[in-house]
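**Student:**
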Amino acid sequence: MYYELIILGTLMVGPFHGYLIAKIVQNILGPYGKISAGRLYPLLTKLEEGGLIVVEPVSEQQERQQHRRSHIPSRRYRITGDGRKRLHDLMLDTTSYLGEYQKVFLQKVAYFSFLQPEERLQLIEHYLGYCQSLVSYGTARAEELAQSGTESPIQMTSAQLADLLTGMQHKIHQYQQELLWAEELREQVRATMHPSTSLSDEAGI
């Protein structure tokens with residue numbers, strides 16, 4: 010779902026060759042993440058077979074130019090109407106990949122221009138609730154451990170308990186910061202609500 014979101018969102022900008030899609034995905038993943046050709050190209054094939062993307066015809070001259078540059082045949086992909094609908098569904102999906110939803114939400118924010126303002130607010134409100142639930146869970150768990158101390162069923166020394174609580178407090182603080190950021194994002198969307206080109210418009214939803 011995550012890679013599908015990135016690929017379809019990227020192709021909303023315009024058609025891209027496979028090697029450029031791979032580069033964009035890699036830039037999003039950062040220096041410590043990696044997507045292999047063995048994972049990317051089967052996914053592109055699956056999206057093509059599902060009618061979500063199509064391969065654009067390439068002229069002989071373009072193909073010769075590309076071959077001279079890389080010596081690797083490249084296909085240029087374009088998103089379809091069904092692909093736009095699928096991206097719209099992925100954008101509004103708030104039930105999948107909750108264990109790593111922070112990175113998924115950040116990617117959705119990058120594609121906010123494809124949504125109606127009301128849809129953006131819907132996603133932000135959900136993310137606020139998501140972060141608040143993690144803050145509440147982490148706080149309750151930290152308080153429980155602090156109260157039980159070294160008598161916790163998990164045998165640990167005072168120093169080990171202190172280290173564990175330090176890590177938990179840091180995690181809580183991270184999501185508190187996410188809450189503040191999401192609240193600012195919500196205000197930005199509210200302040201700039203105006204008609205825009207959205208996925209629902211382009212897909213005829």
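First residue of the sequence shown: 10, per our numbering; consecutive thereafter. Where is the CB? At the ideal position from N, CA and C, for every residue including glycine.
Applying the 10 Å Cβ sphere with the 16-neighbour rule, what's the burial state of Gly219?
**Tutor:** Since the first residue shown for the chain is 10 and the last is 214, residue 219 is missing from the structure and cannot be characterised.
**Student:** Along the alpha helix (DSSP H) that carries Arg150, what are the first and last residues, could you check?
**Tutor:** Translated into positions along the sequence shown, residue 150 becomes position 141. Here the alpha helix (DSSP H) through Arg150 covers 126 to 157.
**Student:** Go ahead and pull the three-state DSSP assignment for Val34.
**Tutor:** If you number the sequence shown from 1, residue 34 lands on position 25. Val34 falls in the helix class under three-state DSSP.
**Student:** Which of the three DSSP states is assigned to Val22 in this structure?
**Tutor:** In the sequence shown, the residue the question calls residue 22 occupies position 13. It is coil, neither helix nor strand.
**Student:** What are the boundary residues of the beta strand (DSSP E) that includes Glu65?
**Tutor:** Position 56 of the sequence shown, counted from the first residue, corresponds to residue 65. Unbroken beta strand (DSSP E) run through Glu65: 62 to 65.
**Student:** Given Pro24, which residues of its chain have a CB within under 7 angstroms of its CB, disregarding the five upstream and five downstream residues?
**Tutor:** The residue labelled residue 24 in the question sits at position 15 within the sequence shown. So the qualifying residues of the chain are Glu65, Arg85, Tyr86, Arg87.
**Student:** Going by C-alpha distance, which of Leu56, Gly90, Gln116, Leu53 is nearest Leu38?
**Tutor:** Start at 1 with the first residue of the sequence shown, and residue 38 comes out as number 29. Considering only alpha carbons, the answer is Gln116.
**Student:** Looking at C-alpha atoms only, which residue of Leu173, Tyr12, Leu20 is the closest neighbour of Ala46?
**Tutor:** Within the sequence shown, numbered from 1, the residue matching residue 46 stands at position 37. Checked all of Leu173, Tyr12, Leu20; the closest Cα to Ala46 is Tyr12.
**Student:** Using only the alpha-carbon positions, how far apart do Thr89 and Tyr184 sit?
**Tutor:** In the sequence shown, counting from the first residue as 1, residue 89 sits at position 80. In the sequence shown, counting from the first residue as 1, residue 184 sits at position 175. Cα-Cα distance, rounded: 37 angstroms.
**Student:** What separation, rounded to the nearest whole angstrom, lies between the Cα atoms of Met10 and Leu96?
**Tutor:** The residue you call residue 10 lines up with position 1 of the sequence shown. The residue you call residue 96 lines up with position 87 of the sequence shown. Taking the straight line joining both Cα atoms gives about 10 angstroms.
**Student:** Would you check if the distance between the CB atom of Tyr139 and the CB atom of Phe114 is smaller than 9 angstroms?
**Tutor:** Walking along the sequence shown from the start, residue 139 turns up at place 130. Walking along the sequence shown from the start, residue 114 turns up at place 105. Result yes, Cβ atoms of Tyr139 and Phe114 sit closer than 9 angstroms.
**Student:** Within the same chain, show all residues whose beta-carbon is closer than 7 angstroms to that of Thr206, passing over the 5 residues directly before and after it, in chain order.
**Tutor:** As a working mapping, residue 206 is identified with position 197 in the sequence shown. Its pLDDT being 49, under 50, Thr206 is placed unreliably by the model, and the measurement read from it follows with that caveat. Excluding positions up to five away in sequence, the list is empty.
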